[in-house]
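According to the numbering used here, the sequence shown is numbered sequentially starting from 100. Below: the structure, in structure tokens.
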Amino acid sequence: MLKDLQSGKLCPLEAIVGIKNAEWSSCTARVFYFTKVDAHGRPFAVYRYHVATQLQELVYEEQDKAFFVDVSQTKDARFVLINCNSKNSSEIYALDSHDIDAQPRLLRPRESGTLYFADHAADRFFIVTNADGALNYKIATSTWDATKEAAGLWETLIPEHEDVKIEDVDLFETYLVLYERVSSVPRIRVCTLGKQGEADVSTSHCIPLPKEHEICRVIPGVNRAYAAHHVRFQVSTPLVPEIVFDYDMENRQLQVLKETELIDRSVAQKRDTARKVIKSSVCPDQFTCERCYVPSMSSAGVRIPLTLIHRRDITRNGQNPTLLIGYGAYGTNLEADFELEHLSLLERGWVIALAHVRGGGELGLQWYQAGKGMQKRHTFDDYVSCTHHLLDAGYTSPERLAGKGVSAGGLIMGYVANEYPHLYQALVMKAPFVDALATMQDPLLPLTVHEYDEWGDPSCPEACEYIRSYTPCENVREKQVYPAMFVTGSLNDQRVQFWEPAKWMYKMRKVQASLSKRDKRLMLLKMSEDDGHFGGGGRLEQLDESAMEIAFLYQALHLPLPSK
């Protein structure tokens, strides 16, 4: 059913099966666009649906199985965009949102290695792109008329900067907001737009965040009001939970709208008393959050960002229980944000370490490219480099060190389990991508073809042998003493199929059977029937899994259980 929000009337609507996402047009006739998925779950086609006649017509169909398709509306509601993306190239078509029979118009043809993302304001398309070698991305502009004459004729508005990565933009009628990262640290910059979409970058300014939020995660708000002079965003740090800020771009004033509240446990236990709320989450004087840069063990001149969070009163005596977390894939940042379960560990003297290894996006596109495909081993080397730093600096010892990786981060855990088992006492592997070779050899799986650009195509003998060389399931060592492991998976996971963690645990337990009692380690597999790739959907389910993870860490590291 569709509901007219002005009249309150309900309009019957025939069921449309296989929709991935949808977007309304701005024309007076009620028309919306939607994408459909193929048999493998890949969104590949865009349809236009006329509500009055309940007719749907095919507007675009993507033939290349490496490309996924979605639709979006520009900020000014002037166009509907058809976004076609593979792992290393993009192609966007624009549809006039005021024309019910609009035909797609190409912004720029796809080109291997060139990515771009578009929006529209002030009669111009604003395009974030790495075209022409802009590894940290630049901002270009074009017009609707220019796309009619020749696709891809863009003018550079904000050139690439060597030390500044552009991660996202938000457009307003008179402002351009840039979400950037400088030496792995987030910042937000505001530029004023002229009536023709021109931006004077020399007069741009950065939003002044509190000093204690320097190492943080910034999440842009929805900000749907195109004519607004305020931009809303969310910030959290490893020590401070989410704070919603509203920034007046005209008067340059920052306002806190909402702080996430934590409840004092000692008061919460008294159910008959009012709850005491702690808005600052933890006392800043008790904990520290810092970032150091660790020399790479395999690449001269490369320094890996390592975020360290711990109590100020710890002693570097090698006895601090430590959790080293890594990811390093898809150009995704390992964010330094607030995790409630980490606070529980920090209060009890743990060190939480985040290894921002190559393959992630913390230091730009070049950092990502140095940890993918035929350079994937850099990811593992960087994680081990961070491990050695923690040991050499006296933060911890192998008997007190645990590693953790989720999804592609689980690949790191499987690799170090095979190659460096003596450095870790325990490993937490959540939905781990541990059977990379077998998965990439099966093109019928939902993501395989789409991810050839990330991992390599095993039909190429060189790529096949390279993937085999690091795939955990292909390199299990007989009679090796492995770290203790807590592995999770789900029958409904469409990204990492359930048989990957199951196969890995089978191999681990087979090795365990050949070891003496003294050398055997705790090997746990938690397989869910209902959860997806990101675990349980509800907050209580997530807390239950976190509690199980913490209990495992205490048992595997032979630590006394906390009294409360």
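We put the beta carbon where it would ideally sit given N, CA and C, even for glycine.
Per DSSP, the unbroken alpha helix (DSSP H) holding arginine 476 starts and ends at 476 to 491. Counting C-beta pairs with one atom in each stretch, the segment 549 to 559 and the segment 601 to 609 have fewer than three that are closer than 8 Å, which means they do not touch. The C-beta distance from valine 268 to leucine 277 rounds to 6 Å, short enough to meet the 8 Å contact threshold. For methionine 604, the enclosing alpha helix (DSSP H) begins and ends at 598 to 612.
CA-CA distance, cysteine 183 to alanine 399, rounds to 37 Å. Going by beta carbons, tyrosine 325 and lysine 174 fall inside the 8 Å limit. Here serine 185 really is in contact with phenylalanine 166; their C-beta atoms are around 5 Å apart, less than 8 Å. The C-beta separation of cysteine 388 from isoleucine 314 comes to about 5 Å, placing the pair in contact by the 8 Å criterion. At a Cβ-Cβ threshold of 8 Å, serine 301 and valine 393 do not count as neighbours.
The beta-bridge partner set that DSSP reports for methionine 626 consists of Gly588.
Secondary structure at serine 397: coil, using DSSP grouped into helix, strand and coil.
Burial check for lysine 616: the Cβ neighbour count within 10 Å stays below 16, so the residue is exposed. The Cβ neighbour count for isoleucine 115, taken over all protein chains shown within 10 Å, is under 16; the residue is labelled exposed. The beta carbons of cysteine 572 and aspartate 534 sit closer together than 8 Å. Secondary structure within the segment 235 to 320: the alpha helix (DSSP H) runs of 4 or more consecutive residues, fully enclosed, are 243 to 248 (chain order). Put simply, the segment 489 to 499 does not touch the segment 458 to 478. Fewer than three CB pairs are less than 8 Å apart.
Taking a cut-off of 8 Å on C-beta distances, the segment 612 to 629 touches the segment 582 to 593, as three or more cross pairs fall below it.
Short of 8 Å from the beta carbon of leucine 544, and not among the five residues preceding or following it, lie these beta carbons of its own chain, in chain order: His139, Thr538 and Gln596.
When DSSP states are grouped into helix, strand and coil, cysteine 183 belongs to the strand group.
Straight through space, the alpha carbons of leucine 101 and aspartate 169 are spaced by roughly 22 Å. In this structure, Tyr482 is the residue among Asn517, Ala151, Ser443 and Tyr482 with its C-alpha nearest to the C-alpha of threonine 406. Here threonine 246 is near leucine 206, since their CB atoms are less than 8 Å apart. For the segment 519 to 598, the full-length alpha helix (DSSP H) segments reaching 4 residues or more read 535 to 539, 551 to 554 and 560 to 569 along the chain.
Only exposed fits lysine 108, as fewer than 16 other CB atoms lie within 10 angstroms of its CB. Contact between arginine 476 and tryptophan 466 does not hold, since their C-beta atoms are separated by about 15 Å, which reaches or exceeds 8 Å. Per DSSP, reduced to three states, the secondary structure at tyrosine 514 is helical. Residues of the same chain with a CB within less than 6 Å of the CB of threonine 273, apart from the 5 flanking positions on each side, are Leu292 in chain order. For arginine 499, the three-state secondary structure derived from DSSP is helix. Rounded to the nearest angstrom, the gap between the Cα atoms of threonine 242 and proline 520 is 57 Å.
Put simply, the backbone Cα of isoleucine 287 is about 25 Å away from that of alanine 452. C-alpha of valine 179 to C-alpha of aspartate 218: approximately 10 Å in a straight line.
With a contact defined as Cβ atoms closer than 8 Å, lysine 294 and glutamate 279 miss out at about 25 Å.
Cβ atoms of alanine 298 and leucine 256 come within 8 Å of each other, at about 6 Å. The Cβ neighbour count for glutamine 172, taken over all protein chains shown within 10 Å, is at least 16; the residue is labelled buried.
Rounded to whole angstroms, alanine 492 and glutamine 418 show a C-alpha spacing of 12 Å. In this structure, Val527 is the residue among Asp384, Val610, Leu614 and Val527 with its C-alpha nearest to the C-alpha of glutamate 644.
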